[in-house]
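Enquirer: Reminder that position 201 of the sequence shown reads as 201 in UniProt numbering, one-by-one numbering, no gaps.
Heads up, the beta-carbon is just placed ideally off N, CA and C, and yes, glycines get one too.
Remember, it's a predicted structure, so these values are computed and weren't measured experimentally.
Just passing along the structure, written as structure tokens.
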Amino acid sequence: MTGLYRVTRSKPETTDPECRGTYLHQKLDDKIHGYADVTPQELLTHLTTKYGTITDTDLEDNRKKLSSPWNPDDDLDIIWGRVTDCMAFAKDTSQPIPEATAISSILQVFAASGVLDQYIHEWNRKPAANKTYDNFQEHFDLANLLRLEELTTKQAGFHSANFATPPNAPATASAAPTTSSNSITVDSTTMYYCWSHGLGFNPNHTSATCQRPSEKHDHTATIRNPKGGCRLINTAAFRRSPS
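Spelled out as structure tokens, the structure:
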């Protein structure tokens, strides 16, 4: 029934009683009583017979959607939503889409975008056991966040190589922050994450310690798992102190 819903939902004109002259209208719509004498079972039987079968062409078209180009100006939620829809469509068919196939398709999409090459290489170096779809989402959510931060930094007229490391920041940071870490280091500069305000240089301002949380603020959000929080860098942190 779920598969039938997905197919008929994509073809609303076939189930709309107002569409005069359609096959559904011709078969079930009595000229006098309309659909009053049509039972739910009769309607479902008709829909199953006429529209309920997902064909090989449907499945191929569905897989092609995974490879649709991604605009780097768009949020990655568009990609993740597409994967969810495509996998759900094929779930109860003879050709379900495994996670590995979805990952491979989206990697090609990211490669074609030309903006995530470094992070694609990092992903490819991971052990096979760690290449789950959940880890894939987490890895590229962080990658895209860092990419946007770099763009914001450049637009602000400053380069991270010129930033002074905050007094309380570690002199050096680990090459790969742990998933529980709430900071990230780029070119010897450490930044700290807050759900409401994004990244900044204040080590005392994180999601857990924020003094001005916005509505729905998540105190457990980290740089590795932003949980839908602010994805921008706090450009106020880039303003140089007066001479």
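Helix, strand or coil for Thr-172? Go by DSSP, reduced to three states.
Expert: For the purposes of this step, residue 172 is taken as the residue at position 172 of the sequence shown. Model confidence at Thr-172 stands at a pLDDT of 45, short of 50, so the residue's coordinates are unreliable and nothing is read from them.
Enquirer: Taking the DSSP output, what are the residues bridged to Leu-199?
Expert: One-based indexing of the sequence shown puts residue 199 at position 199. The partner list for Leu-199 (beta bridge, DSSP) reads Tyr-193 and Ile-233.
Enquirer: Ser-123 to Pro-40, Cα distance in whole Å?
Expert: Position 123 of the sequence shown holds residue 123. Position 40 of the sequence shown holds residue 40. Sequence check: residue 123 is Trp here, not Ser. When rounded, the distance between both Cα atoms is 50 Å.
Enquirer: Under the rule that 16 or more other beta-carbon atoms within 10 Å means buried, what is Ile-79, buried or exposed?
Expert: Stepping through the sequence shown from its first residue, residue 79 is reached at position 79. So Ile-79 counts as buried.
Enquirer: Buried or exposed: which applies to Ala-149, given that a residue is buried once 16 or more other Cβ atoms fall within 10 Å of its Cβ?
Expert: Position 149 of the sequence shown holds residue 149. Note that residue 149 is Glu in the sequence shown here, rather than Ala. With 16 or more other Cβ atoms within 10 Å, it is buried.
Enquirer: Leaving out the 5 sequence neighbours to the left and right, which residues in its chain are closer than 6 Å to Asn-144 when beta-carbon positions are compared?
Expert: For the purposes of this step, residue 144 is taken as the residue at position 144 of the sequence shown. Leu-76, listed in sequence order.
Enquirer: Going by beta carbon distance, what residues of the same chain come within less than 6 Å of Leu-116, once the five residues before and after it are set aside?
Expert: Here the question's residue 116 lines up with position 116 in the sequence shown. Excluding residues within five positions, the ones whose Cβ falls inside 6 Å are Phe-110 and Ala-143.
Enquirer: Taking the beta carbon of Lys-11 as the centre, do at least 16 other beta carbons fall within 10 Å, making it buried, or is it exposed?
Expert: Position 11 of the sequence shown, counted from the first residue, corresponds to residue 11. Unreliable placement is indicated for Lys-11, whose pLDDT of 46 sits below 50; no coordinate value is reported for it.
Enquirer: Count the other CB atoms, across all protein chains shown, that sit within 10 Å of the CB of Asp-134; report buried if there are 16 or more and exposed otherwise.
Expert: Numbered from 1 along the sequence shown, position 134 holds the residue referred to as residue 134. The residue is exposed, with fewer than 16 neighbouring Cβ atoms inside 10 Å.
Enquirer: Just the C-alpha distance for Lys-131 and His-121, rounded to the nearest angstrom, thanks.
Expert: Working through the sequence shown from its first residue, we reach residue 131 at position 131. Working through the sequence shown from its first residue, we reach residue 121 at position 121. So the two alpha carbons sit approximately 13 Å from each other.
Enquirer: Going by CA-CA distance only, name the one from Thr-55, Thr-84, Pro-96 and Lys-126 that's closest to Pro-106.
Expert: One-based indexing of the sequence shown puts residue 106 at position 106. What sits at residue 106 in the sequence shown is Ile, not Pro. Closest by alpha carbon: Thr-84.
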